[in-house]
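Accompanying notes for the structure given below.
Protein chains: 2
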Amino acid sequence: MAVADQVQALTFDVFGTVVDWRSGVEREAGETAKARGIELDVGAFAAQWRSLYDPAMEEVRAGRRPWTKLDDLHRESLDALVPKFGLESLSEDELQRLNTCWHRLDPWPDSVPGLTRLRAKYILVTLSNGNVRLMVDMAKRAGLPWDAVLGAEVTQRYKPLPEAYTMTAELLNVRPEQCMMVAAHPRDLDAAAAQGFRTAYIHRPYEYPRRPPNEVPPGRYDYTVNDMVELAAALGC
Amino acid sequence: MAVADQVQALTFDVFGTVVDWRSGVEREAGETAKARGIELDVGAFAAQWRSLYDPAMEEVRAGRRPWTKLDDLHRESLDALVPKFGLESLSEDELQRLNTCWHRLDPWPDSVPGLTRLRAKYILVTLSNGNVRLMVDMAKRAGLPWDAVLGAEVTQRYKPLPEAYTMTAELLNVRPEQCMMVAAHPRDLDAAAAQGFRTAYIHRPYEYPRRPPNEVPPGRYDYTVNDMVELAAALGC
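Residue numbers (this note's numbering), protein chains in the order written: chain A, -4 to 232; chain B, -4 to 232.
Structural data, given as structure tokens:
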């Protein structure tokens, strides 16, 4: 049977793959700073906030701290950036609001049209390190047509821990090879493949515009596409 | 602040409250039996299958057996009914198919219109004892507009255990009083209220047509309505 017909569920990475975190964080940080008359290098701010993401999760993955949801890790990282970027005059309400800018990210232009086509054939679920409320708020605002919000908070495991993938498949009553991980990040796809998931790589050159594009050897993933509409076409949707 | 404005999320019981399990189970059991030339009392069959639901969950709630998803509990109950109803000639494929009839239940006629209105103002999530795949299949087929599928399997707690409610609120980043449990069953609402949830009781007289209607004293629940559209109107949607 063709891979596209073996698969029942598509599991999605979200930050960078479905939504554009960089421009969303830059926009809200810029608006917040401007309202207080602060000059802010929004590019550096967004990049540094995002760069604190993985080390913060690693403490949880390694078992050095108990489960902590991404909203709370984001807040700790934000608090660390306040003195570095001269944001001390922001109020607690403004900081709380800025911290939830991750709930209000815009999808890439192809995401909603592609997901809508894919949903007619497959179960679509998030398998993101974002917490449930973050994913719910984002989906409501952006119109992302998920069938369920699963992933890190539901499994209490941050990717790329194996159980983040295997427990998600178990919740969907499917074997790993009946799931396909969709992501713009080789690390995520490789971890999913190690648990038996099928894989689809999406090129997202604007996530890290200054980095050289990811090298994706032909045949490394089941599908390699440029956007979500192309994935829908490749899977016969 | 009015209750309707304090609440951010509506958490729904599903079997009986949103969908009509009785007619759906009767229909599929009848079709399955007829195809094999078996005479089946579908009313008695559906009622007995459903009546085995709570004792099966109680074994898990009480800690006498490890977490077992509802699809598997349903299958054990079905296997127990096979000899009682003369269904021994059904094949394994037919039994598996019949067991998933719970994934293909129809909504009450007001459910989709009411939920669609409610969703514009609130986060709508399932807080059912049904497992994730069951809820996903049902929602895709029936067009139920959930923002997330939460509840028993995600929390690994069957209602009415307190953690089924409190862990669901935690996943939504809200306090219990910012959630409203919507159900046709006093036991579920009372357990939710004991954890601080707001409550909405929906009369569903056709779930148990031979039983006298539930007595709902005025003021016992925050809202008492006859259907989901009436709930939407009561909550200002």
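The C-beta atom is built at its ideal place from N, Cα and C for all residues, glycine as well. Keep in mind that this is a model prediction, so the values were computed, not measured.
Practice item. Would you check if the segment 212 to 232 of chain A and the segment 157 to 173 of chain B touch, i.e. whether three or more CB-CB distances between them fall below 8 Å? Key: no
Point to revise | Alpha carbon of B:A187 to alpha carbon of A:M176, nearest angstrom | key: In the second sequence, the residue the question calls residue 187 of chain B occupies position 192. In the first sequence, the residue the question calls residue 176 of chain A occupies position 181. The alpha-carbon atoms of B:A187 and A:M176 are separated by roughly 36 Å.
Review point. Should the segment 205 to 216 of chain A be called in touch with the segment -4 to 5 of chain B, which here means at least 3 C-beta pairs below 8 Å?
Key: no
Point to revise | As assigned by DSSP and simplified to three states, the class of A:S86 | key: Translated into positions along the first sequence, residue 86 of chain A becomes position 91. A:S86: coil per DSSP, three-state reduction.
Review point. For B:F192, which three-state DSSP category applies?
Key: Sequence index remark: in the second sequence, residue 192 of chain B carries index 197 (1-based). It is coil, neither helix nor strand.
Check your understanding: How would you call B:M(-4), buried or exposed, if buried means at least 16 neighbouring beta carbons within 10 angstroms?
Key -> Start at 1 with the first residue of the second sequence, and residue -4 of chain B comes out as number 1. Per the 10 Å Cβ criterion, exposed.
Practice item. Below 9 Å between beta carbons is the criterion; list the residues of the segment 103 to 135 of chain A that meet it against any residue of chain B, in chain order. Key: R114, I118, V120, N126, V127, R128, L129, M130, V131, D132, A134, K135
Exercise for review: Pick helix, strand or coil for B:F80, following the three-state DSSP scheme.
Suggested key: Counted from its first residue, the second sequence places residue 80 of chain B at position 85. B:F80 falls in the coil class under three-state DSSP.
**Study point:** According to DSSP, residues forming a beta bridge with A:M175
**Key:** On the first sequence, position 180 is the one that residue 175 of chain A refers to. DSSP lists A:L5, A:R193 as partners of A:M175.
Check your understanding: Is the shortest distance between the beta-carbon of A:D8 and the beta-carbons of chain B less than 7 Å?
Key -> Here residue 8 of chain A corresponds to residue number 13 of the first sequence, with the count starting at 1. False, the Cβ-Cβ gap to chain B never drops below 7 Å.
Practice item. Could you tell me which of B:P208, B:M52, B:C174 sits nearest to B:F192, measuring between CA atoms? Key: Along the second sequence, read from residue 1 onward, the residue named residue 192 of chain B stands at position 197. Looking at the Cα atoms, B:C174 is the closest of the given residues.
Check your understanding: If A:R170 and A:A159 are in contact, beta carbons under 8 Å, what's the gap, nearest whole angstrom?
Key -> Along the first sequence, read from residue 1 onward, the residue named residue 170 of chain A stands at position 175. Along the first sequence, read from residue 1 onward, the residue named residue 159 of chain A stands at position 164. Actually they do not touch by this definition, with Cβ atoms about 16 Å apart.
Point to revise | B:P150: first and last residue of the uninterrupted alpha helix (DSSP H) it sits in | key: Counting from 1 along the second sequence, the entry for residue 150 of chain B is found at position 155. Before going further, note that residue 150 of chain B is Thr rather than Pro in the sequence given. 147 to 150 is the span of the alpha helix (DSSP H), which, as asked, contains B:T150.
Practice item. Step through the CB atoms of chain B and report whether any lies within less than 7 Å of the CB of A:A227. Key: Start at 1 with the first residue of the first sequence, and residue 227 of chain A comes out as number 232. With 7 Å as the cut-off, A:A227 does not count as an interface residue toward chain B.
Practice item. Assuming B:A28 contacts B:L47 (C-beta within less than 8 Å), just tell me the rounded distance between them. Key: The residue labelled residue 28 of chain B in the question sits at position 33 within the second sequence. The residue labelled residue 47 of chain B in the question sits at position 52 within the second sequence. Not really, about 18 Å apart at Cβ, beyond 8 Å.
Check your understanding: Expressed to the nearest angstrom, what Euclidean distance is found between the alpha-carbon atoms of B:R70 and B:Q91?
Key -> Translated into the one-based positions of the second sequence, residue 70 of chain B becomes position 75. Translated into the one-based positions of the second sequence, residue 91 of chain B becomes position 96. About 8 Å.
Check your understanding: When burial is assigned at 16 or more other CB atoms within 10 Å of the CB, is A:W97 buried or exposed?
Key -> One-based indexing of the first sequence puts residue 97 of chain A at position 102. Classification of A:W97: buried, given that the 10 Å Cβ count is 16 or more.
Review point. Closest Cβ-Cβ distance between B:A164 and chain A: below 7 Å?
Key: Numbered from 1 along the second sequence, position 169 holds the residue referred to as residue 164 of chain B. Taking Cβ atoms only, chain A never reaches closer than 7 Å to B:A164, which makes this a no.
Review point. Buried or exposed: which applies to B:W62, given that a residue is buried once 16 or more other Cβ atoms fall within 10 Å of its Cβ?
Key: One-based indexing of the second sequence puts residue 62 of chain B at position 67. Classification of B:W62: exposed, given that the 10 Å Cβ count is below 16.
Exercise for review: Grab the span of the alpha helix (DSSP H) containing A:L122 for me, first residue to last.
Suggested key: Mapped onto the first sequence, residue 122 of chain A falls at position 127. Careful: A:L122 lies outside any alpha helix (DSSP H), inside the beta strand (DSSP E) at 118 to 123.
Point to revise | Residue-chain proximity (A:V144, chain B), Cβ-Cβ < 7 Å | key: As a first step, residue 144 of chain A must be located in the first sequence, where it is residue number 149. So yes, A:V144 belongs to the interface.
Practice item. Identify the contact partners of A:L167 in chain B, using a Cβ-Cβ distance below 9 Å as the criterion. Key: Residue mapping note: residue 167 of chain A aligns to position 172 of the first sequence, counting from 1. Neighbours of A:L167 on chain B, chain order: V127, R128, V131.
Practice item. Going by DSSP, name the residue or residues bridged to A:P102. Key: Taking the first sequence and counting its residues from 1, one reaches residue 102 of chain A at position 107. Beta-bridge pairing links A:P102 to A:V14.
Check your understanding: Can you name the residues that DSSP bridges to A:V220?
Key -> Against the first sequence, residue 220 of chain A aligns to sequence position 225. According to DSSP, A:V220 bridges with A:I197.
Practice item. Anything in chain B within Cβ reach of A:E148, meaning under 9 Å, just list it in chain order. Key: The count along the first sequence starts at 1 and reaches residue 148 of chain A at position 153. Chain B residues near A:E148: L166.
Exercise for review: Kindly indicate the opening and closing residues of the alpha helix (DSSP H) around B:A57.
Suggested key: Reading the second sequence from its first residue, position 62 is the one you call residue 57 of chain B. No alpha helix (DSSP H) contains B:A57, which DSSP labels as neither H nor E.
Review point. With 16 other CB atoms within 10 Å as the buried threshold, where does A:Y201 fall?
Key: Within the first sequence, numbered from 1, the residue matching residue 201 of chain A stands at position 206. Label assigned to A:Y201: exposed.
Check your understanding: Leaving out the 5 sequence neighbours to the left and right, which residues in its chain are closer than 7 Å to B:E148 when beta-carbon positions are compared?
Key -> Taking the second sequence and counting its residues from 1, one reaches residue 148 of chain B at position 153. Cβ neighbours of B:E148 beyond the five flanking positions: K64, N126, V127.
Review point. How about A:T121 and A:W141: are their beta carbons less than 7 Å apart?
Key: By 1-based counting over the first sequence, the position of residue 121 of chain A is 126. By 1-based counting over the first sequence, the position of residue 141 of chain A is 146. Closer than 7 Å, so yes.
Check your understanding: Could you give the residue range of the alpha helix (DSSP H) that holds B:Y203?
Key -> As a position in the second sequence, residue 203 of chain B is number 208, starting the count at 1. No alpha helix (DSSP H) contains B:Y203, which DSSP labels as neither H nor E.
Check your understanding: In terms of residue numbering, what span does the alpha helix (DSSP H) encompassing B:M(-4) cover?
Key -> Locating residue -4 of chain B in the second sequence gives position 1, where the first residue counts as 1. Here B:M(-4) belongs to no alpha helix (DSSP H), and DSSP marks it neither H nor E.
Exercise for review: Compare the C-alpha of B:M52 against each of B:L156, B:K116, B:H180, B:V13 and name the closest.
Suggested key: The residue you call residue 52 of chain B lines up with position 57 of the second sequence. Closest by alpha carbon: B:L156.
Review point. Alpha carbon to alpha carbon, how far is A:E34 from A:A229?
Key: Working through the first sequence from its first residue, we reach residue 34 of chain A at position 39. Working through the first sequence from its first residue, we reach residue 229 of chain A at position 234. If I take the Cα positions, the gap works out to 46 Å.
Check your understanding: So what's B:A143 in DSSP terms, helix, strand or just coil?
Key -> Here residue 143 of chain B refers to the residue found at position 148 when the second sequence is read from its first residue. It is a strand residue.
Review point. For A:V55, is the classification buried or exposed, using 16 other Cβ atoms within 10 angstroms of its Cβ as the cut-off for buried?
Key: Within the first sequence, the letter at position 60 stands for residue 55 of chain A. With 16 or more other Cβ atoms within 10 Å, it is buried.
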